[in-house]
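Colleague: My questions will all concern the structure given below.
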Amino acid sequence: MVLLRETSVARRHAVDSVCREHGGDPQSIEFFEKVGLKYVSCSPMRVMIARLAAAQAALKLKKSSPVPAA
Numbered sequence: 000m001v002l003l004r005e006t007s008v009a010r011r012h013a014v015d016s017v018c019r020e021h022g023g024d025p026q027s028i029e030f031f032e033k034v035g036l037k038y039v040s041c042s043p044m045r046v047m048i049a050r051l052a053a054a055q056a057a058l059k060l061k062k063s064s065p066v067p068a069a
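Each residue of the sequence shown is one higher than the one before, starting from 0 at the first, in numbering that gives the first Met the number 0.
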């Protein structure tokens, strides 16, 4: 992940992504959400699983984030 961050700084317009089976694995998707990775690709068979996992990870991260004081 350090390499991804250094690469992102060096190439500001590059898109960091993950492909193949890691892109459709729910545990991997949760990790990618935590580190800010916004793009994954996977086999067509895993697309629905990946979409559900991405939504669940986003909600879980939002729920665990501290709410700013009003």
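Where is the CB? At the ideal position from N, CA and C, for every residue including glycine.
If you follow the alpha helix (DSSP H) that Leu60 is part of, which residue opens it and which one closes it?
Modeller: One-based indexing of the sequence shown puts residue 60 at position 61. 46–63 is the span of the alpha helix (DSSP H), which, as asked, contains Leu60.
Colleague: Assuming Glu32 and Ala49 are in contact, meaning their beta carbons sit under 8 Å apart, how far apart are those beta carbons, in whole angstroms?
Modeller: Position 33 of the sequence shown holds residue 32. Position 50 of the sequence shown holds residue 49. About 12 Å separates the two Cβ atoms, so there is no contact after all.
Colleague: Hey, would you say Gly23 sits closer than 9 Å to Val34, going by beta carbons?
Modeller: What you label residue 23 is simply residue 24 of the sequence shown in a count that begins at 1. What you label residue 34 is simply residue 35 of the sequence shown in a count that begins at 1. No.
Colleague: Residues in its own chain within less than 8 Å of Ser53 by CB, not counting five upstream and five downstream?
Modeller: Here residue 53 corresponds to residue number 54 of the sequence shown, with the count starting at 1. Note on identity: in this sequence residue 53 is Ala, with Ser being the wrong assignment. Hits under 8 Å: Ile28, Glu32, Val39.
Colleague: Check the DSSP bridge columns for Val17 and list the partner residues they point to.
Modeller: Reading the sequence shown from its first residue, position 18 is the one you call residue 17. For Val17, which the question treats as bridged, DSSP gives the partners Val39.
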